[in-house]
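What the sequence shown shows, in mature numbering (1 follows the signal peptide of the UniProt record, and there is no 0), is residues -23 to -1, 1 to 162, in sequence order.
Using N, Cα and C, we set each Cβ at its ideal position, and we do this for glycine too.
Fair warning: this is a prediction, and the values are worked out from it, not measured in the lab.
See structure below.
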Amino acid sequence: MAGRFGMVAIAAACCLFAQPALAQQRPANSIDGTAIISSLGPDAVMPALAVATANQLVEARPDGTPFISATAMNGLVMQISFTSCDEGGQTGCLGMSIVSVWTAAEPEVQAQIAAAVRGFLIDHPLANAGQFDDGTPYFSRYVIADYGIAQGNLLSEFSNFVSGATDFHNMLAGIDGGLGAMPSS
């Protein structure tokens, strides 16, 4: 009886302290980097995204248009939206917008952040980063696939986004009164 009670106690403790398994990135060889994708959408980009990020979730806007929320291994959160689509916005998409958004800092730090963003863009000429009108910092990347795109190129786009957005985050985090946490959903 005592043995059975001990097992129940251990099982109960495991339930109380259970945590979800941490997601892992898929290996790069899990995709065919030469495979050409003719249009973009959740199903088409998910294999490459799963190599570059740890968690991916397909969601839908109120009008039914799909988008993906993804989290990189370092905690960076991004949203992926599909653009230049066939009528209805759900198929035949030829563009993809990837964006991370941080929480706005206090108003007294906004000018310092704006100056740091300008410096970041000089040092990273291929980056698209800035602040919205309310001072909220963002980092974004736009992918065009008018004539198709190789799965390996998609992986590069996602990996470059994570790298650039992480550099942007580190720049923001280095500002006194700036930001300290990766963007969250």
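>> Which residue marks the beginning of the alpha helix (DSSP H) containing A81, and which one marks its end?
In response: Working through the sequence shown from its first residue, we reach residue 81 at position 104. Premise fails: A81 is in no alpha helix (DSSP H) and is neither H nor E.
> Are the beta-carbon atoms belonging to L71 and T80 less than 9 Å from one another?
Replying inline: Here residue 71 refers to the residue found at position 94 when the sequence shown is read from its first residue. Here residue 80 refers to the residue found at position 103 when the sequence shown is read from its first residue. No, they are not a contact pair.
> What are the boundary residues of the alpha helix (DSSP H) that S136 is part of?
Replying inline: As a first step, residue 136 must be located in the sequence shown, where it is residue number 159. That run of the alpha helix (DSSP H) goes 128 to 150.
> Do F145 and A91 come within 9 Å of each other at the CB atom, strictly closer than that value?
Replying inline: As a first step, residue 91 must be located in the sequence shown, where it is residue number 114. As a first step, residue 145 must be located in the sequence shown, where it is residue number 168. Not in contact: A91 and F145 (Cβ atoms no closer than 9 Å).
> Grouping DSSP H, G and I as helix and E and B as strand, with all else coil, what is N51?
Replying inline: Translated into the one-based positions of the sequence shown, residue 51 becomes position 74. It is coil, neither helix nor strand.
> In angstroms, rounded to a whole number, what distance separates the CA positions of N137 and E85?
Replying inline: Position 160 of the sequence shown, counted from the start, is the residue given in the question as residue 137. Position 108 of the sequence shown, counted from the start, is the residue given in the question as residue 85. Between N137 and E85, the C-alpha separation is close to 32 Å.
> Contact check, M55 vs V120 under 8 Å by CB: the rounded distance?
Replying inline: To locate residue 55, count along the sequence shown from 1; it is residue 78. To locate residue 120, count along the sequence shown from 1; it is residue 143. 12 Å between Cβ atoms; not a contact.
> When the Cα atoms are used, what is the spatial distance from G10 to G151?
Replying inline: In the sequence shown, residue 10 corresponds to position 33, counting from 1. In the sequence shown, residue 151 corresponds to position 174, counting from 1. Roughly 36 Å between the two C-alpha positions.
> In whole angstroms, what separates the C-alpha of residue 172 from that of S58?
Replying inline: No answer is possible for residue 172: the residues shown for the chain start at -23 and end at 162.
>> Could you pull the DSSP bridge partners for T113 from this structure?
In response: For the purposes of this step, residue 113 is taken as residue 136 along the sequence shown, with counting starting at 1. Partner(s): none; T113 has no beta bridge.
>> Need the endpoints of the alpha helix (DSSP H) that Q87 sits in, please.
In response: Here residue 87 refers to the residue found at position 110 of the sequence shown. Taken as a continuous stretch (DSSP letters only), the alpha helix (DSSP H) holding Q87 covers 87 to 100.
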